[in-house]
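Colleague: First the structure, which I've put down as structure tokens, then a few questions once you've had a look.
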Amino acid sequence: EDIKRLKRYEEDEAGAIMQTELFSAHLDERIGEAVKRLKKMKEEEDLDNVHQVFIIDQFNMLIGVIMLEDLITFDFEKKFRDYFDKTHKMIQTVKGSDTIDEVVRIFSDYDLVVLPVVDGHGVLVGRITSDDIYDIMEEQATDQIYKMAGVDDETEEDKDIKSITKKRGIWLGVNLITAILASLVIGFFDETIQKYVALAILMPIVASMGGNAGTQSLTIMVRQIALGEMSWSEAKDSIRQEIVVSFLNGLVFALLMGMIAFFWFHDERLGIVIALAMVLNLLAAGFFGALIPLGLRRIGTDPAVASSVLLTTVTDVLGFFAFLGLAKIILI
91 EDIKRLKRYE EDEAGAIMQT ELFSAHLDER IGEAVKRLKK MKEEEDLDNV HQVFIIDQFN
151 MLIGVIMLED LITFDFEKKF RDYFDKTHKM IQTVKGSDTI DEVVRIFSDY DLVVLPVVDG
211 HGVLVGRITS DDIYDIMEEQ ATDQIYKMAG VDDETEEDKD IKSITKKRGI WLGVNLITAI
271 LASLVIGFFD ETIQKYVALA ILMPIVASMG GNAGTQSLTI MVRQIALGEM SWSEAKDSIR
331 QEIVVSFLNG LVFALLMGMI AFFWFHDERL GIVIALAMVL NLLAAGFFGA LIPLGLRRIG
391 TDPAVASSVL LTTVTDVLGF FAFLGLAKII LI
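Here the sequence shown stands for residues 91 to 422, where the numbers follow the working numbering.
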């Protein structure tokens, strides 16, 4: 019967991963009788990982939860009803038809050990433990890492050299195109670089700082999207936060790099150029690092798949354009 119940759910629904073995007690049951039942279940190894008693009414609807550490302090001759209103602990629930992503979000937000599962009428049908959900969270995290690197986890696990080469090659090809775009920007300023060779020495610093700052914002945003749906208000707050953080970091490292460039090349104008470029590039990196995943999600594309390639293009192109453009204005 339990197997049939679990098979009713899709593989991405909470009901598919729930455990039907749990410890519940009726509101009018004597506490001593419930404890005896629990002891027997433990002795017969019918149940493990028990931390609480799920309290149900005559219709098996979940009313609340009593922790075992509270239960052992009760008078065993009394009923749960005598203590319930004073000591019970209401917790978050999910329906069997809710998505696993929603379950992951609830566990993350509320730091739960167990999450009861109810049907559409509030009847207790199972539970999901932290052990169950952490395995899924680990799988999702691994999948996100693979996607951000432009590889497919299933293909990698198959050890098929041809398939692996093809999958990786597609994204390497996309990356080649974006790298050419960045090179074209540099080509527009070839005369500037020839007249001021120090620019070629400092260019990798600008690109590296922008790329890393963008990756930080990108990682935070992709994680938030993966944990659950974001409202437009939450998205705006996240973008605003990433812009502010990137701008503040830009000011700090602009000052630092400006001083380094000045003492390195003995040219205060070069220090000003790289300082301004650093602020602009980190600001753009934070903005686009947050915006690109949201834009991809809006058009129905997995943000973890294409975000990193697009972000690299944006930070490199804008970073080089800002740095070399400012150099042409200020130095030449």
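Using N, Cα and C, we set each Cβ at its ideal position, and we do this for glycine too. Please read all numbers here as calculations on a predicted model, not as lab measurements.
1. So S336 and G376 are supposed to be a Cβ contact under 8 Å. How far apart are they, rounded?
2. Just how far apart, CA to CA, sit F352 and D250?
3. Work out the CA separation of L372 and A303 for me, nearest whole Å.
4. In chain order, what residues of the same chain have a beta carbon less than 7 Å from the beta carbon of L400, not counting five sequence neighbours either side?
5. Count the other CB atoms within 10 Å of the CB of D102; is the residue buried (16 or more) or exposed (fewer)?
6. Would the beta-carbon of M368 fall within 8 Å of that of A344?
7. Taking only runs of the alpha helix (DSSP H) that begin and end inside the region 265 to 294, which ones reach a length of at least 4 residues, in chain order?
8. What residue ranges within the region 307 to 377 form continuous alpha helix (DSSP H) runs of no fewer than 4 residues, ordered along the chain?
9. If you count every other CB in all the chains shown that lies within 10 Å of the CB of V334, and 16 or more means buried, which is it?
10. Starting from I146, follow its DSSP beta bridges and name the residues at the other end.
11. Please go through the same chain and pick out, in chain order, the residues whose beta-carbon is closer than 8 Å to the beta-carbon of F413, but skip the five residues on each side of it.
12. Checking the sheet assignment: what are the DSSP bridge partners for R217?
13. Which residues in the same chain have their Cβ closer than 6 Å to the Cβ of V213, if we skip the five residues on either side of it in sequence?
14. Can you name the start and end residues of the alpha helix (DSSP H) that D199 belongs to?
15. With DSSP collapsed to three states, give me the class of V140.
16. So what does K185 bridge to, in DSSP terms?
17. Taking Cβ to Cβ, would you say S307 is nearer than 8 Å to A380?
18. Where does E103 fall in DSSP's three states?
19. Pick from L161, Q142, M131: whose alpha carbon is nearest that of I181?
20. Quick one: what's M299 bridged to in DSSP?
21. Is DSSP giving K252 helix, strand or coil here?
22. Locate the alpha helix (DSSP H) running through F411, then write down its first and last residues.
23. Once the 5 residues before and after Y99 are set aside, which same chain residues still bring their CB inside 8 Å of it?
24. Compare the beta carbon distance of G301 and T402 with 8 Å and say whether it is the shorter of the two.
25. By Cβ distance, which residues of its chain are closer than 7 Å to V208, with the 5 residues on each side in sequence left out?
26. Determine the contact status of P206 and V312, defining contact as a CB-CB distance below 8 Å.
Modeller: On the basis of the coordinates in this document:
1. Taking the first residue of the sequence shown as 1, we reach residue 336 at position 246. Taking the first residue of the sequence shown as 1, we reach residue 376 at position 286. Contact holds; Cβ gap of about 3 Å.
2. Residue mapping note: residue 352 aligns to position 262 of the sequence shown, counting from 1. Residue mapping note: residue 250 aligns to position 160 of the sequence shown, counting from 1. About 53 Å.
3. Against the sequence shown, residue 303 aligns to sequence position 213. Against the sequence shown, residue 372 aligns to sequence position 282. Going by the C-alpha atoms only, they are around 6 Å apart.
4. The residue labelled residue 400 in the question sits at position 310 within the sequence shown. Non-local beta-carbon contacts of L400 in its own chain, meaning distances under 7 Å to residues more than five positions away in sequence, involve I382 in chain order.
5. Here residue 102 is taken as the residue at index 12 of the sequence shown, counted from 1. D102 is exposed by the Cβ-count criterion.
6. One-based indexing of the sequence shown puts residue 368 at position 278. One-based indexing of the sequence shown puts residue 344 at position 254. By the CB criterion at 8 Å, M368 and A344 fall inside the cutoff.
7. Taking 4 residues as the minimum length, the alpha helix (DSSP H) runs contained wholly in the region 265 to 294 are 280 to 285, in order along the chain.
8. Counting whole runs of 4 or more residues, the region 307 to 377 contains the alpha helix (DSSP H) stretches 322 to 355.
9. In the sequence shown, the residue the question calls residue 334 occupies position 244. By the neighbour-count rule (16 or more Cβ atoms within 10 Å), V334 is not buried but exposed.
10. Start at 1 with the first residue of the sequence shown, and residue 146 comes out as number 56. I146 is bridged to H116, L152.
11. Counted from its first residue, the sequence shown places residue 413 at position 323. Here the set comprises L289, L292, M293, V296, V363, I364, A367, N371.
12. Position 127 of the sequence shown, counted from the first residue, corresponds to residue 217. Paired residues: Q109, P206.
13. Locating residue 213 in the sequence shown gives position 123, where the first residue counts as 1. Cβ within range, chain order: N150, M151.
14. Taking the first residue of the sequence shown as 1, we reach residue 199 at position 109. If you look at D199, you'll find it in the alpha helix (DSSP H) that goes 190 to 200.
15. Sequence index remark: in the sequence shown, residue 140 carries index 50 (1-based). V140 falls in the coil class under three-state DSSP.
16. Looking up residue 185 in the sequence shown gives position 95. Looking at the DSSP assignment, K185 forms a beta bridge with V208.
17. For the purposes of this step, residue 307 is taken as residue 217 along the sequence shown, with counting starting at 1. For the purposes of this step, residue 380 is taken as residue 290 along the sequence shown, with counting starting at 1. Between S307 and A380, the C-beta gap is smaller than 8 Å, which places the two residues in contact.
18. Here the question's residue 103 lines up with position 13 in the sequence shown. Secondary structure of E103 (DSSP, three-state): strand.
19. Counting from one through the sequence shown, the residue named residue 181 turns up at place 91. When only C-alpha atoms are compared, the closest one is Q142.
20. In the sequence shown, counting from the first residue as 1, residue 299 sits at position 209. Residue pairing by DSSP places M299 in no beta bridge whatsoever.
21. The residue you call residue 252 lines up with position 162 of the sequence shown. Note: K252 maps to helix in three-state DSSP.
22. Walking along the sequence shown from the start, residue 411 turns up at place 321. Looking at the DSSP string, the run of the alpha helix (DSSP H) that includes F411 is 393 to 420.
23. Here residue 99 refers to the residue found at position 9 of the sequence shown. G105, A106, G186, S187.
24. Working through the sequence shown from its first residue, we reach residue 301 at position 211. Working through the sequence shown from its first residue, we reach residue 402 at position 312. Yes, they are a contact pair.
25. Along the sequence shown, one-based indexing puts residue 208 at 118. Excluding sequence neighbours, V208 sits near L152, T183, K185, L214, V215.
26. Stepping through the sequence shown from its first residue, residue 206 is reached at position 116. Stepping through the sequence shown from its first residue, residue 312 is reached at position 222. Cβ atoms of P206 and V312: not closer than 8 Å.
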